[in-house]
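For reference, the structure is listed below as structure tokens.
In full-length UniProt numbering, the protein residues as written are 1 to 351.
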């Protein structure tokens, strides 16, 4: 009888250990960061690579936990049954087995469920990394059952995928904001990062047209202006870029005398933008401003602020024209002038 009781005790301890492993792994799996696993796996850590395979295919992990928990529960129940059968007379252990199960249940709950879940909740990376080999071994040992279960889980997931994508598309922005709020409360986002994220989320989708300066208010000079005229205007207005214009001679009715700047002001309604120059280029160079002329990218009036900024960054320009029909090229009607600094200030500046 002693051997039977020792066997039952060993079986019980092993069952509780198995239950603790699977219960803790379940909590750790849903607490661990997939991004962190990816970084560790890329750094050559084998434990992280093993868990990343589970994270990329959650159906396998769920199947492994399901099988493992059932086996652990069966072992603890069998151990109680064997111990009761060893100390009772044949046929009289029914009530004793029930009472023994009730008495032993708190031990199983605390040691096999509550304690491991709590520990893995506090340190998911540490414990899940140590369990990675064990979980992978269980999956392959139970492969005849685990693989069909994983396939069934994928089938059910695929069946509801279309609805999930539709709902995710509608609620994705709200979920992102909730995640960022949670990160701020947890101390993962500083106040500056939080305000930066809020600016991007709220300002980026806005129309670029709201940030465009009207063409008549753009700081500009004629194409044949002198170096001194341009630098004087840049210093007086405190601007870094000045647009250069050409006058439509067919529409000029007056103002043909005086400096280039005076002629430009007199015929402002009949000018067109041909490019822009940076004041710093003119200041350090010796030639006339037109030698430093840069092209003006044309951005569709329907673009958002983020799209407009991306277009300016892609072209490497600090100034662009917002036009109503960009496909017409240089003849496209100009709605406004966009400055990269203004868009950056709108999206990132108020932090």
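For glycine and all other residues, C-beta sits at the position ideal for the given N, C-alpha and C.
Here the structure is a predicted model, which means the values were calculated and not measured.
Is the number of C-beta pairs between the region 74 to 81 and the region 4 to 14 that are closer than 8 Å three or more? yes
Residue span of the beta strand (DSSP E) that contains residue 348, given as start and end: Translated into the one-based positions of the chain shown, residue 348 becomes position 348. Here residue 348 belongs to no beta strand (DSSP E), and DSSP marks it neither H nor E.
To the nearest whole angstrom, what separates the beta carbons of residue 70 and residue 19, a pair I think is in contact under 8 Å? Stepping through the chain shown from its first residue, residue 70 is reached at position 70. Stepping through the chain shown from its first residue, residue 19 is reached at position 19. With 8 Å as the limit, residue 70 and residue 19 do not qualify as a contact, their Cβ atoms being about 10 Å apart.
Thinking C-beta only, is residue 48 closer than 8 Å to residue 40? As a first step, residue 40 is located in the chain shown; it is residue number 40 there, counting from the start. As a first step, residue 48 is located in the chain shown; it is residue number 48 there, counting from the start. Against a cut-off of 8 Å, the Cβ pair of residue 48 and residue 40 comes out as a contact.
Name the DSSP beta bridge partners of residue 273, please? Within the chain shown, numbered from 1, the residue matching residue 273 stands at position 273. For residue 273, which the question treats as bridged, DSSP gives the partners 245.
Pull up the distance between the alpha-carbon of residue 223 and that of residue 342, whole angstroms please. As a working note, residue 223 is residue 223 in the chain shown. As a working note, residue 342 is residue 342 in the chain shown. Approximately 24 Å between the Cα atoms of the pair.
Can you tell me which of the three DSSP states residue 10 falls into? Stepping through the chain shown from its first residue, residue 10 is reached at position 10. Correct three-state label for residue 10: helix.
Specify, as a first and last residue, the run of the alpha helix (DSSP H) that residue 128 falls within. Position 128 of the chain shown, counted from the start, is the residue given in the question as residue 128. Segment 124 to 141, the alpha helix (DSSP H) holding residue 128.
Relative to the C-alpha of residue 283, which residue among 229, 53, 319, 245 is closest? Here residue 283 is taken as the residue at index 283 of the chain shown, counted from 1. Looking at the Cα atoms, 229 is the closest of the given residues.
Give me the residue from 296, 61, 44, 31 with the minimum Cα distance to residue 332. Here the question's residue 332 lines up with position 332 in the chain shown. Checked all of 296, 61, 44, 31; the closest Cα to residue 332 is 296.
Rounded to whole angstroms, what is the Cα-Cα separation between residue 85 and residue 4? Against the chain shown, residue 85 aligns to sequence position 85. Against the chain shown, residue 4 aligns to sequence position 4. The alpha-carbon atoms of residue 85 and residue 4 are separated by roughly 9 Å.
Which of the three DSSP states is assigned to residue 219 in this structure? Here the question's residue 219 lines up with position 219 in the chain shown. Three-state DSSP puts residue 219 in coil, outside helix and strand.
Considering just the uninterrupted stretch of the beta strand (DSSP E) at residue 298, what are its terminal residues? Reading the chain shown from its first residue, position 298 is the one you call residue 298. Taken as a continuous stretch (DSSP letters only), the beta strand (DSSP E) holding residue 298 covers 298 to 300.
Residue 139 to residue 151 span [Cα, whole Å]: Taking the chain shown and counting its residues from 1, one reaches residue 139 at position 139. Taking the chain shown and counting its residues from 1, one reaches residue 151 at position 151. Taking the straight line joining both Cα atoms gives about 14 Å.
Cut-off 6 Å between Cβ atoms - residues of its own chain near residue 98, not counting five sequence neighbours on either side: Counting from one through the chain shown, the residue named residue 98 turns up at place 98. Contacts found: none.
What separation, rounded to the nearest whole angstrom, lies between the Cα atoms of residue 7 and residue 54? Translated into positions along the chain shown, residue 7 becomes position 7. Translated into positions along the chain shown, residue 54 becomes position 54. Their Cα atoms are separated by approximately 34 Å.
Here's the rule I'm using: 16 or more other beta-carbon atoms within 10 Å means buried, otherwise exposed. How should residue 292 be labelled? Along the chain shown, one-based indexing puts residue 292 at 292. Counting Cβ neighbours within 10 Å, residue 292 comes out buried, since at least 16 surround it.
Hey, out of 101, 338, 115, whose CA is closest to residue 214's CA? Stepping through the chain shown from its first residue, residue 214 is reached at position 214. The option with the nearest alpha carbon to residue 214 is 338.
Look at the alpha carbon of residue 311 and the alpha carbon of residue 235, and state the distance between them as a whole number of angstroms. By one-based count along the chain shown, residue 311 stands at place 311. By one-based count along the chain shown, residue 235 stands at place 235. Their Cα atoms are separated by approximately 28 Å.
Terminal residues of the alpha helix (DSSP H) in which residue 320 lies: Counted from its first residue, the chain shown places residue 320 at position 320. Element bounds for residue 320: not the alpha helix (DSSP H) but the beta strand (DSSP E), 319 to 323.
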